[in-house]
Structures are given as structure tokens and as C-alpha cells.
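Report on one structure; see the data block that follows.
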Amino acid sequence: MKFLFDSDTWQEIYGSIRKNKVRTAITIIGVLWGIFLLVVLLGAARGMENGFNKLFGNFATNSVFVWTQSTDTPFKGFQEGRRFTLTMNDIDVLKSEYSDEIKLLAPRNQTNNLIIKDFKSGNFKVSGDYPILDQIQKKQLLYGRFLNQNDIASIAKVTVISEDMYKQLFDKDEFPIGQYIKINSISYKVIGVYKPSNTIDFDGDCAYVPFSTFRKVYNTANKVDWMMITAHEGTDIEQMESDVLLTLKGLHKVHPDDERAFGSVNLGKEIGKITGFITGMQFLTWFVGIATLIAGVFAIGNILLITVKERTKEIGIRRALGATPKSIRQQIVLESVFLTTVAGMLGIIFGSVVLFLIDMAFGQGEDAALINPTVNIPIILIAFVTLIVLGTLIGLIPAHMATVVKPIEALREE
Amino acid sequence: MIKIEGLHKSYPIGKDSLHVLKGIDLHIKEGEFVSIMGSSGSGKSTLLNIVGLLDGHDEGNYFLNGQLIKDLNEKKAAILRNKFLGFVFQSFNLISYKTALENVALPLYYKGMARKERLKVALDYLEKVGLKDWANHLPNELSGGQKQRVAIARALVTKPKVVLADEPTGALDSTTTDSVMDLLKDINNEGMTVFVITHEEEVAEQTKRIVRLKDGVIISDEFTNAAKAI
Ligand SMILES: Nc1ncnc2c1ncn2[C@@H]1O[C@H](COP(=O)(O)OP(=O)(O)O)[C@@H](O)[C@H]1O
Ligand SMILES: [Mg+2]
């Protein structure tokens with residue numbers, strides 16, 4: 051190892067690198083390109099993955115939404131095309147029957163109303179909800195708080211409004227919390243302002259009021275518009291979806307094979323499709339990355355081969371002057387490792403710059419296609435070291451050949 | 006210094022082999038100045054390469070400085086070359102991207118001498134061959150005669166026991182030939198053994214002993230007038 055710290059070793063390497071400019075350039079470009087591609091590919095893939103993850107970020111990904119439509123099959127004396135609604139009874143039945151599978155169950159009632167604040171007004175959705183909604187789809191609160199159990203119990207006339215509603219109904223710099231707004235001519239106290247999710251969102255700009263208050267004010271009795279269900283970890287969510295629907299069909303005297311009576315969306319299934327896409331993309335990235343690395347290894351090996359070949363005569367001269375085979379091999383290998391290292395580092399730097407530019411171009415703002423396109427340093431280092439080690443091992447073959455032949459053979463080379 | 010007994014060497018050519026050296030006996034003592042003459046293809050270079058440990062032999066004994074050369078591994082050969090032998094080639098064989106000074110210093114690098122010291126020593130030897138002012142020139146900026154003088158300085162820099170020169174003047178005109186021969190004579194006068202190949206009578210005449218090869222055998226081995234004059 052001592053030779054590594056010998057300035058002469060480096061002097062020799064500097065001399066030969068300077069002399070063999072074309073070869074140096076080819077090595078550097080080859081390795082640089084490989085590492086560069088790997089960095090950019092992995093980074094872009096990671097960025098897309100992050101983007102997708104963010105898309106569902108504040109939604110429990112194991113959610114099922116259920117609502118009613120109209121029957122498509124006559125059953126038990128009922129005509130086809132019957133309309134019906136979900137009820138609180140359904141909620142209780144599902145909760146007790148599927149206590150092992152269901153984690154959260156949020157019944158919801160919604161309507162549209164004119165909302166007035168002093169001289170400003172607008173038409174918005176009003177939603178009667180339970181506090182658990184916040185657990186199914188996290189609400190990002192700018193001011194105040196979300197609904198709580200107390201609001202439900204006391205049937206409080208309180209509401210949580212969206213940022214846009216706040217901007218539309220309130221004066222600039224007016225603090226919203228504790229102020230009153232009129233929904234359908236009834237006063238509600240504003241207790242929170244939230245920022246709507248810019249990803250998957252069923253509510254949009256919506257005034258959330260306690261479920262109990264909604265029921266009382268709009269006289270909905272036992273009626274439930276639709277429900278959100280989330281499953282416990284490890285539950286087969288598709289199975290749960292079909293089981294729940296079957297139970298509901300039984301409760302509402304709907305034919306078991308009726309396709310239209312209930313509408314449902316299984317978010318888990320939708321996400322599964324995208325996850326599959328991401329997995330495929332990761333696989334592709336790795337495939338391309340590994341192929342690039344293998345190509346890089348052969349590039350290094352090949353360049354070493356050429357190096358040794360075109361320098362056979364020089365090697366012969368050096369041997370005539372007393373160079374041992376070991377010193378020849380050391381020089382060739384060290385030279386290639388040095389070039390590869392420099393090229394690899396340049397590749398990492400250029401790759402990072404490109405990722406940075408990609409981030410600037412596509413990764414900024416709310417609807418970014420990519421988020422944080424970054425690479426794992428250990429992965430790049432492993433790739434880098436593999437490249438150097440394998441490339442060098444391959445290159446050792448010609449280096450070895452150059453030292454086993456008689457020096458005169460090397461000298462005769464023109 | 007160099008003792009050869011019954012040396013044979015063949016080159017394989019396809020299935021056949023070409024018998025080049027057919028039993029050479031030669032004894033060169035320390036401080037001798039010997040030239041080998043012979044027509045092209047008579048095996049002169051083959052002999053010199055074997056003497057220089059650049060090639061191996063098939064049969065016979067070769068003693069370098071009293072040491073029997075047999076089954077030598079490359080590492081040992083490299084060390085012996087570095088220690089005992091200096092080479093001068095017809096085509097100079099300088100490393101093109103190194104300056105004259107660096108070329109001369111290279112054998113000292115393999116000897117393990119520190120850079121500063123070896124550049125100083127190399128400069129002394131360049132001065133000796135009259136090229137001190139050309140120390141930082143690359144080989145392609147030098148004339149043929151200058152290149153050969155650099156090569157001689159390189160051969161001498163490790164203070165070898167034997168200098169081996171394969172047609173050192175073969176690529177030079179007559180005036181530069183004379184300056185190179187004068188150098189070799191100086192070296193020999195300092196006590197070094199010098200062994201040159203040439204096919205020029207005028208060159209051979211300046212050495213002290215002429216060995217004539219023909220078809221792989223020595224046909225004559227005589228001291229020259231130059232030797233008798235001393
Ligand atoms: N590596 C080799 N392989 C095959 N034949 C060779 C090789 N080197 C030399 N020869 C042959 O051996 C003979 C002697 O060559 P050489 O010693 O170079 O002669 P000289 O130097 O006297 O001209 C020639 O016929 C040459 O062609
Ligand atoms: Mg010859």
C-alpha cells in the first residue's frame with residue numbers, strides 16, 4: 051500500500067494520463083455516462099414514486115366508499131329501479147358484524163347551501179361528519195381545530211371551512227376563529243379553517259358541521275348519504291368490500307347479484323394498480339441500471355485491454371529498465387482505478403445537477419409530477435465500487451498477460 | 006562477467022522450430038569492449054537478448070556475474086537487469102511522453118531512489134553525454150544522435166556492470182555514429198563491460214574484440230588493433 055502514497059507513483063500516472071488523452075477521455079466518458087444514467091434513473095424513479103405516494107398521502111389507502119344508487123333487478127316484490135338510502139341502522143350492523151375488519155366507519159350526509167358572512171356569500175357544500183373523518187382523510191388545518199366528540203354530543207352549531215371559503219367570505223386579515231357565518235340562514239361558529247387536499251379529494255370546498263347537528267338542522271332522521279370505511283391492517287380489503295355490500299343488500303332487500311344498487315370505490319384496489327406500475331418502473335430502473343453497470347465494467351476492461359495493447363512496447367521498455375511485473379500491474383490498475391473514480395465522481399455530480407434541474411422543472415409547486423428526486427448514496431457507492439472492482443479485475447487479465455511474456459516480445463511490438 | 010557454454014536457442018515457427026543459436030561458447034571478462042558481427046539473421050540480437058535476460062535460452066549454461074541463470078522468474082530477472090545491465094537499442098526506445106531527464110531517471114525509479122535524488126543523478130549523466138541543456142525536451146524534439154545519447158545516459162545511470170547495445174549506431178549517420186562510439190569508448194575506459202552488435206566494420210574496429218557469428222555459430226573471435234595498441 052505504501053506505493054499509493056508515493057508521489058512518484060502519481061507522477062507516473064499523471065504522465066501517462068496526460069499522454070493518452072483520447073483513452074483517458076473515452077474511459078471518463080464511458081464510466082461517467084454509466085454512473086450518470088444510474089443516478090438520474092434512480093432519482094427520477096424515486097421522484098415519481100414520491101409523487102404517487104403524495105397523491106394518496108393524506109388518505110388512508112385501505113379505504114372503501116359506499117353509496118346507494120338504484121336497483122337493476124326486481125327482488126322480493128320490489129320493482130327494478132327502486133331507490134333507497136343507507137341508514138344509521140346499517141352503520142350499527144356493519145360495525146358489529148365486521149368489528150374484526152373495520153377500523154373506522156364514517157357515515158356522511160351532504161348538501162349544498164348558500165353561506166353568508168356579513169355582506170359576502172357563496173354557494174358551498176355542507177357536510178355532516180364525525181371527527182373520525184380526520185383520521186380517514188387527514189385535514190390540514192390552517193386555523194383552529196377539526197370537529198370533536200363534544201361537538202357531536204352537544205349538537206353544537208360549529209363549522210370547519212376551507213381556505214378558499216375563508217378568503218371568499220372574510221375580509222383580508224380578519225381572524226376567522228370564533229366568528230359566525232350563516233348556513234341556510236342558521237348561524238354557525240367557525241372553529242377551524244383547513245386547506246383542501248390537492249390530491250384525491252371528494253369534498254372540495256366544504257363546510258364541515260357535526261353529524262348530529264346536520265341531522266337535526268336538515269331533519270335527515272336516520273338517513274345516511276354515504277359512508278367511508280377503513281380496514282384494519284392485514285385485512286383483505288376486496289373481500290371486505292364484497293362482504294359489506296352483501297350484508298347491505300340483505301338489509302335493504304336487494305338481489306344479491308344486483309350490480310347497480312350500491313356504488314362503491316375501493317381505494318386500496320386503485321392504489322394497487324398504481325403500486326404495480328411503480329414496481330414495474332423500479333424493476334425497469336434496476337434492469338437498465340445494472341445493464342449500464344455491466345456495460346461500464348466491460349468498457350473499463352476493454353479500455354484497459356487497449357491501454358495495455360498500445361503500451362506493450364512501453365511496458366517492454368520499462369521491464370528492460372528493471373520494472374517488476376508487480377510494479378507494472380500496480381501502475382495499470384491504479385491508473386484505471388484513478389480514472390474510474392474521477393469519472394464516477396463526475397457522473398455523480400452531473401447526475402445530481404440534472405436531478406436538481408428536473409426537480410426545478412417538474413418537482414416544484416402543488417401538482418408536481420416528481421417529488422424529491424433523490425438517490426440513495428449507499429446504492430450509488432455500491433454501484434461505483436462494483437464498477438471499479440469488476441472493471442479492474444477484467445483489466446488485470448491483459449495487465450497480467452503483458453508481464454508474463456518475455457520482455458523481448460513486448461519490445462518487438464511496433 | 007559473462008560466461009556462456011554450449012548455448013542453444015530455437016524459435017518455434019508453427020509446428021517447426023528455427024534453430025538460431027547452435028552451441029555458442031563465449032567468455033567476456035569484466036571491462037572488455039566486445040562487438041558481435043555477422044550478417045542479418047545470423048542470431049546476433051538473439052544472443053544479446055539472452056545475455057540481457059530479455060529472452061530465455063533452451064540449452065547450455067549462462068553465468069552472469071558468476072550467477073547461473075536458470076529458471077529465473079520475472080521478478081528476479083527485473084532486479085538483475087536493473088542492477089547489472091544497461092540497454093541501448095537501435096530504435097532508442099525512449100518513452101515518448103517523458104522528457105530526456107525523466108527517461109534517464111526511470112531506471113532509478115525502479116531502483117527505488119527518491120525523485121529529487123534521481124533527477125539530480127540523471128542530470129549528471131545527461132551532462133556526461135553533453136545534453137544537459139536538452140534535459141526538459143521530449144524525445145521527438147531531439148535528433149537521432151541526441152536520442153541515442155539520452156538512451157546511453159539511461160543505460161548508464163544505474164552504474165551497470167555491463168552495457169548491452171544492439172546496433173546502437175544503426176540508425177545514425179557517420180558523424181553522430183562517431184560521437185556515440187566515443188561515448189561507448191569512454192564508458193569502457195571507466196571500466197564498464199560493453200557489448201555491442203554492429204554490422205559496420207568501422208564501428209567494430211573501434212571495439213577491442215570482435216566476435217563473428219554465422220548461422221548461429223561463432224566463426225571467429227579476435228582482439229582488434231585498438232586492443233593491441235594499448
Ligand atoms: N521471436 C522470433 N520468432 C521467430 N523467429 C525469430 C524471432 N526472433 C528472431 N527470429 C529469427 O531468428 C533469426 C535470428 O534473428 P536475430 O537474432 O534477430 O538476427 P540478427 O540480429 O543477427 O539479424 C532470424 O532468422 C529471425 O527471423
Ligand atoms: Mg538484430
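Just so you know, the sequences run in chain order A and B. To convert, note that position 104 of the first sequence is 154 in the working numbering; the numbers rise steadily by one, no gaps. To convert, note that position 210 of the second sequence is 215 in the working numbering; the numbers rise steadily by one, no gaps. Backbone N, C-alpha and C define an ideal beta-carbon position, used for all residues, glycine too.
Are Leu278(B) and Leu69(B) touching if we call contact CB-CB under 9 Å?
The requested residue 278(B) is not part of the displayed model; chain B covers only 6 to 235.
What residues of chain B sit near Leu461(A), judged by a beta carbon separation below 8 Å?
Chain-order list of chain B residues neighbouring Leu461(A): Leu59, Phe94, Asn98, by C-beta distance under 8 Å.
Pick from Leu446(A), Gly97(A), His305(A), Asn234(A): whose alpha carbon is nearest that of Val383(A)?
It is Leu446(A).
Between Ser402(A) and Lys188(A), what straight-line distance do the alpha-carbon atoms span, to the nearest angstrom?
Rounded to the nearest angstrom, the two C-alpha atoms are 33 Å apart.
State the beta-bridge partners of Pro157(A) as determined by DSSP.
Answer is Met277(A), bridged to Pro157(A).
Excluding the 5 residues preceding and the 5 following Asp255(A) in the sequence, name in chain order all residues of the same chain whose CB lies nearer than 6 Å to its CB.
So the list reads Phe174, Ser212, Asp214, Met215, once near-sequence residues are dropped.
Compute the minimum distance between the beta carbon of Leu437(A) and the heavy atoms of ligand 1, and state whether it is under 8 Å.
The closest heavy atom of ligand 1 lies 8 Å or more from the beta carbon of Leu437(A).
Which residues in the same chain as Leu299(A) place their Cβ atom closer than 8 Å to its Cβ, once the five residues preceding and following it in sequence are excluded?
Note on identity: in this sequence residue 299(A) is Lys, with Leu being the wrong assignment. Close CB contacts of Lys299(A) within its chain, under the 8 Å cut and outside five residues either way in sequence, are with His305, Pro306, Asp308, Ala311, Phe312 (chain order).
With burial defined as no fewer than 16 other Cβ atoms inside 10 Å of the residue's Cβ, what is the status of Ala127(B): buried or exposed?
By the beta-carbon neighbour count (other beta carbons within 10 angstroms, threshold 16), Ala127(B) is buried.
I'd like to know whether the C-beta atoms of Ala452(A) and Val392(A) end up nearer to each other than 9 Å.
Not in contact: Ala452(A) and Val392(A) (Cβ atoms no closer than 9 Å).
So which of Glu205(B), Lys166(B), Asn194(B), Val168(B) has the shortest CA-CA distance to Thr182(B)?
A check of alpha carbon separations from Thr182(B) across Glu205(B), Lys166(B), Asn194(B), Val168(B) identifies Glu205(B) as the nearest.
Report yes if the C-beta distance between Gly97(A) and Ile421(A) is below 9 Å; otherwise report no.
For the pair Gly97(A) and Ile421(A), the CB atoms are nearer than the 9 Å cut-off.
Report whether the distance from the Cβ of Val25(B) to the nearest heavy atom of ligand 1 is below 8 Å.
True, at least one ligand heavy atom lies under 8 Å from that Cβ.
Who are the near neighbours of Tyr115(B) in its chain, counting only those whose CB is closer than 8 Å to its CB and skipping five residues on each side?
For Tyr115(B), where only same-chain residues beyond five positions count, the Cβ hits under 8 Å are Ala83, Asn87.
Beta bridge counterpart(s) of Asp286(A) as assigned by DSSP
Residue pairing for Asp286(A): DSSP places it in no beta bridge.
Confirm the yes/no value for this check: CB of Asp171(B), any heavy atom of ligand 2, distance under 8 Å.
At least one heavy atom of ligand 2 sits closer than 8 Å to the Cβ of Asp171(B).
Just the C-alpha distance for Ile398(A) and Val259(A), rounded to the nearest angstrom, thanks.
One C-alpha to the other measures close to 53 Å.
Reference Pro375(A), options Val240(A), Tyr148(A), Pro457(A), Leu295(A), closest by Cα:
Checking every option, the nearest Cα to that of Pro375(A) belongs to Pro457(A).
Going along the chain, which residues of the stretch 65 to 78 of chain A sit with their C-beta nearer than 9 Å to a C-beta in chain B?
Flagged, chain order: Gly65, Ser66, Arg68, Lys69, Asn70.
Does the beta carbon of Lys116(B) come closer than 9 Å to any beta carbon on chain A?
Chain A, which has a Cβ nearer than 9 Å to the Cβ of Lys116(B), makes this yes.
For Glu62(A), which of helix, strand or coil comes out of DSSP?
Here Glu62(A) sits in helix by DSSP.
Considering only heavy atoms of ligand 2, does any lie closer than 8 Å to the CB of Lys49(B)?
Correct: Lys49(B) has its Cβ closer than 8 Å to ligand 2.
Confirm the yes/no value for this check: CB of Ser44(B), any heavy atom of ligand 2, distance under 8 Å.
Answer for Ser44(B): no, Cβ out of range of ligand 2.
Does the stretch 220 to 231 of chain B come close enough to the stretch 21 to 33 of chain B that 3 or more CB-CB pairs lie under 8 Å?
By the Cβ test, the stretch 21 to 33 of chain B is in contact with the stretch 220 to 231 of chain B, since at least three Cβ pairs between them sit closer than 8 Å.
To which residues does DSSP link Val338(A) through a beta bridge?
Bridge partners of Val338(A): none, in fact.
Starting from Gln492(A) and walking both ways along the beta strand (DSSP E), at which residues does that stretch end?
Here chain A covers residues 51 to 464 and nothing more, so residue 492(A) does not appear.
Closest to Tyr193(A) by CA distance: which of Ile241(A), Phe220(A), Gly178(A), Asp223(A) is it?
For Tyr193(A), the nearest C-alpha among the options comes from Ile241(A).
For Thr335(A), which residues from the same chain have a beta carbon less than 7 Å from its beta carbon, with the 5 sequence-adjacent residues on both sides left out?
Cβ within range, chain order: Leu91, Leu92, Ala95.
Using a Cβ cut-off of 8 Å, which residues of the stretch 373 to 395 of chain A contact any Cβ in chain B, in chain order?
The residues in question are Ala373, Thr374, Pro375, Lys376, Ser377.
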